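Structure, as C-alpha cells:
In my numbering, the protein residues as written are 2 to 74.
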C-alpha cells in the first residue's frame with residue numbers, strides 16, 4: 002500500500018486511478034478570464050478545470066469566464 006497526496010492509504014491500482022494513471026484525458030478544457038485587462042487562461046484536463054477556475058476566482062475576485070472543450074473523437 003502507498004499513500005496518495007492526501008496521505009490516505011490506497012492499493013497501488015487505486016493510487017494510479019486517483020493520481021491520473023496513464024490513460025489519456027477524454028478532452029482538453031480551455032478557460033479564459035474575460036475580466037478587462039486579465040490574460041489568465043487554463044488549458045488542461047476536465048478534472049482540473051473547475052479547480053483552476055475557482056483558484057483564479059478566489060485569488061483575484063474575477064467572475065467572468067468563457068470555457069470550451071476539445072473532445073477526442
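C-beta: ideal position from N, C-alpha, C; glycine also.
Small disclaimer: the values here were computed from a predicted structure and weren't measured.
Asked                                                                                                   : Found
Alpha carbon to alpha carbon, what distance is there between residue 50 and residue 63?                 : 16 Å
Which first and last residues belong to the beta strand (DSSP E) in which residue 31 is found?          : 28-34
Check each candidate in 67, 71 and 29 and name the one with the smallest Cα separation from residue 41. : 67
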